[in-house]
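Q: My questions all concern the structure below.
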Amino acid sequence: MEQKRKLGILLVILSVLLLISGTFAWFSFTQRAINDRSGNINFEEVGRLHDYFDRASGNKDVFAENFGDAPILVRVKLLEYMEINGESLVQADPQEVEDGNAVQPIKEDTGTWTPWTPEASGNTVGQRVGPGAVFNARARWTVGWTPRAATDGSGQLDAPYFMPTFNRARDDHKTAAAGDGRDWTQSGEEADTSASPNGTNAGADATGVTHPGNGTDGYWNNGSTATSLLGTPPDTENGTHTARQTVIQDQPVMLLSQWNALPVQDRVGNFWVVDPQTGWAYWANLLFPEEATSFLLDQANFATSGIRGDYYYGIKAVANMVANTDGDVSAFWDEAPENHSDLAKQLVDEVRNGLPILGEMAPGQTFSMRGTQYRYLENKGEGNHLIMATGNQFGSAWNTIAGVTSYNGSTLDNNMKNWHNNLPSVIRRQVQPVQKEFIGTGPEAHIGIASWTTNFSGNLSSVIPIVGTPRAFILDFEHPAFTEALKNDFAEVDPNGEKKAFALSLAEFNHLSGPGKAFPTMASRSMWTTPRTLFDTNLPWFIQNVSILGSFNIFNQNGTVARITDGFPALILRDEDGAWNSNI
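Per my numbering, numbering through the sequence shown is continuous, rising by one, with the last residue being 643.
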């Protein structure tokens with residue numbers, strides 16, 4: 060298992076343009092991972108870099124897939140080189156090179172190529188700045204993913220489809236190169252690791268293709284299937300694979316400075332963030348098993364007008380994929396001579412620590428998650444945990460919708476769902492589905508008693524018994540006035556249900572109250588809110604936060620279902636052994 064956590068470094072040459080004797084052709088090369096870190100030889104990789112390329116259209120889809128069994132962190136650096144008649148467009152100052160403060164790009168040494176460092180443009184990135192600005196007039200990229208119509212006519216495509224890798228060997232570092240894409244090493248050993256026209260991966264006719272598909276935009280669609288393109292291990296996983304979608308991009312590609320300006324709740328998510336100090340583009344989230352990032356590069360076109368003579372243009376992508384461990388992440392920062400920015404380290408730290416390990420929490424413990432304070436309520440078992448926001452998130456009537464007689468479909472229910480839908484995706488993805496409709500939230504829960512108040516000692520003591528002290532902290536559910544539907548109304552994980560936030564029920568509040576529980580004292584349950592349980596047709600139950608703090612109440616004088624009260628959403632989140640795994 061320890062080897063699965065080792066650092067893997069993918070060095071990938073993604074596209075090369077050649078113009079020879081007045082004609083030009085696109086070629087795309089992808090380079091297998093090599094180990095360029097001393098003292099780390101027998102590492103294993105659980106990520107695969109994909110390169111889908113079409114020379115005719117310039118479509119260039121570059122993204123990463125996690126085929127392992129644990130979350131990983133991913134970053135990719137794009138570098139470029141261009142020369143005309145054998146002379147590099149980027150010319151470093153010779154004295155700076157001699158002093159070690161600059162590098163002169165050399166075609167044969169891809170490590171000297173110029174990192175892609177864009178400028179800010181609105182909420183995304185624009186043209187290159189720095190030495191790479193000389194490429195702006197020729198090399199025109201489209202980065203990130205823009206929703207578009209699916210090529211199969213099925214409607215808008217919010218995230219592209221891809222074919223999962225057939226190479227799940229952890230000690231093999233070839234990329235998934237499709238269409239005009241090529242898997243290639245600087246040593247020139249394409250023949251042993253690439254497909255030839257007859258589908259084998261050996262011989263002088265090897266093309267360097269390692270993955271099915273023709274590289275055009277939208278080649279894979281919902282329901283597309285494929286088998287391995289290559290005929291020998293490790294690229295020949297048995298069986299047919301079905302196309303899957305990448306994760307939905309939450310934000311456009313942006314610079315670290317733009318990321319730092321985001322609200323804290325939006326800074327971890329499914330998008331790329333570029334550090335202009337080094338050129339690394341960081342995936343701003345953990346990449347979970349069986350997932351693929353959104354596209355970093357989507358299109359790479361090249362303008363040839365006005366060029367006289369021979370030219371060469373190449374793009375190289377260097378991808379680091381590491382396990383979420385202190386030792387492996389430290390390798391991000393140890394690779395001299397790069398001077399990594401503090402903001403880059405802050406981003407990685409927030410990605411790693413943006414979500415708590417719920418399984419280690421005790422009932423009643425409060426914690427912050429993406430800028431919102433929560434209270435841990437209960438371990439629901441099998442990696443599922445019940446939590447609730449500690450502060451008022453919105454004001455809501457219990458119900459103002461005509462014809463609705465229970466919580467299901469009520470004003471409060473709809474406001475809870477809307478709140479969930481606006482959560483950061485890094486949290487929303489962990490929300491477990493619960494039953495679409497709750498029992499014990501309508502007429503079946505009515506207790507049929509005309510009046511009951513407990514907020515003042517001078518009021519009716521009520522016919523509904525309460526147990527323990529202080530008064531009105533815990534209800535006696537043995538009393539026949541409480542219906543079975545009311546007493547059994549608990550949110551549970553339902554694979555056929557829906558992901559949503561919800562108001563706790565009267566039964567849940569009662570169950571979670573008492574010594575050693577989420578609400579150990581009446582003061583700890585101090586809020587001004589309504590459970591999802593109705594007292595009768597016009598009155599919801601109430602949790603009181605004045606007078607006797609945290610008491611159960613019914614206010615006949617002003618407690619109608621239309622009264623605006625505070626919203627305290629609850630969620631069931633998945634946290635299996637501390638691994639935030641969205642493949643659920």
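Ideal Cβ placement from N, Cα and C applies to all residues, glycine included.
Here the structure is a predicted model, which means the values were calculated and not measured.
1) Indicate the three-state DSSP secondary structure (helix, strand or coil) for residue 345 in the structure shown.
2) Is the stretch 564 to 577 touching the stretch 405 to 424, taking contact as three or more C-beta pairs under 8 Å?
3) Quick check: what's the CA-CA separation for residue 622 versus residue 477?
4) With a Cβ-Cβ cutoff of 8 Å, do residue 235 and residue 339 count as a contact?
5) Does the ligand HEM have even one heavy atom less than 7 Å from the beta-carbon of residue 116?
6) Would you mind working out which of 216, 376, 161, 456 sits nearest residue 589, comparing C-alpha positions?
7) Do residue 556 and residue 492 have their C-beta atoms closer together than 8 Å?
8) Thinking residue 226 and residue 107 are a contact (beta carbons under 8 Å), I'd like their distance in whole angstroms, please.
9) For residue 211 and residue 224, what's the separation of their Cα atoms in angstroms?
10) Who does residue 427 pair with in a DSSP beta bridge?
11) So residue 109 is in the beta strand (DSSP E); what residue range does that whole segment cover?
12) Pick helix, strand or coil for residue 454, following the three-state DSSP scheme.
13) I need the straight-line Cα distance from residue 98 to residue 295, nearest angstrom please.
14) Nearest-angstrom Cα distance between residue 299 and residue 228?
15) Kindly list the residues whose CB is nearer than 7 Å to the CB of residue 206, restricted to its own chain and excluding five residues on each side of it in sequence; keep chain order.
16) For residue 364, count neighbouring C-beta atoms within 10 Å of its own C-beta (all shown protein chains included) and say buried if the count is 16 or more, exposed if not.
17) If I follow the unbroken alpha helix (DSSP H) through residue 406, where does it start and stop?
18) Touch check for the stretch 351 to 359 and the stretch 193 to 204: three-plus C-beta pairs under 8 Å?
19) Are the Cβ atoms of residue 142 and residue 433 separated by less than 8 Å?
20) Can you list, in chain order, the stretches of the beta strand (DSSP E) that have 3 or more residues and sit fully within the stretch 266 to 299?
21) Using the C-alpha atoms, what's the distance from residue 490 back to residue 558?
22) Evaluate residue 367 with the Cβ neighbour count: other Cβ atoms within 10 Å of its Cβ, from every protein chain shown; 16 or more gives buried, anything less gives exposed.
23) Using 10 angstroms around the beta-carbon of residue 168, count the other beta-carbons present and answer buried if the total reaches 16, otherwise exposed.
24) By Cβ distance, which residues of its chain are closer than 7 Å to residue 572, with the 5 residues on each side in sequence left out?
25) Which runs of the alpha helix (DSSP H) at least 4 residues long sit entirely within the stretch 122 to 174? Give them in chain order.
26) Output needed for residue 551: all residues of its chain with C-beta closer than 7 Å, excluding positions within five of it in sequence on either side, in chain order.
27) Kindly indicate the opening and closing residues of the alpha helix (DSSP H) around residue 546.
28) Measure how close the beta-carbons of residue 323 and residue 430 come, nearest whole angstrom, since I'm counting them as under 8 Å.
29) Tell me the residue span of the alpha helix (DSSP H) that contains residue 386.
30) Could you name the residues of the same chain whose beta carbon sits closer than 7 Å to that of residue 486, not counting the 5 residues immediately before and after it, in chain order?
31) Below 8 Å on the Cβ atoms is my guess for residue 565 versus residue 600; work out the distance and round it to an integer in Å.
32) So, residue 452 versus residue 568, is the Cβ gap smaller than 8 Å?
33) Whole angstroms is fine: what's the gap from residue 313's alpha carbon to residue 469's?
34) Residue range of the beta strand (DSSP E) that residue 235 falls in?
35) Using the three-state DSSP reduction, which class does residue 597 fall into: helix, strand or coil?
A: Straight from the coordinates:
1) In the structure shown, residue 345 adopts coil according to DSSP, grouped into three states.
2) Touching, yes.
3) Computed Cα separation, rounded: 19 Å.
4) no
5) This structure simply doesn't include the ligand HEM, nor any ligand for that matter.
6) 456
7) yes
8) The C-beta distance from residue 226 to residue 107 rounds to 7 Å, short enough to meet the 8 Å contact threshold.
9) 22 Å
10) 432
11) 106 to 112
12) strand
13) For residue 98, the predicted model reports a pLDDT of 27, less than 50, meaning its position is unreliable and no value from the coordinates is stated.
14) 17 Å
15) Closer than 7 Å at the Cβ level, and outside the excluded window around residue 206, lie 215, 216, 217.
16) exposed
17) 401 to 412
18) yes
19) no
20) none
21) 6 Å
22) Burial call: exposed.
23) exposed
24) 532, 533, 578, 584
25) List check, alpha helix (DSSP H) in window: 153 to 157.
26) 493, 494
27) Residue 546 -> alpha helix (DSSP H) spans 543 to 546.
28) For residue 323 against residue 430, the beta-carbon gap comes to about 4 Å, under 8 Å, which counts as contact.
29) Boundaries of the alpha helix (DSSP H) around residue 386: 385 to 392.
30) 428, 429
31) 5 Å
32) Contact annotation: residue 452 and residue 568 have beta-carbon atoms that are not nearer than 8 Å.
33) 40 Å
34) Looking at the DSSP string, the run of the beta strand (DSSP E) that includes residue 235 is 235 to 238.
35) coil
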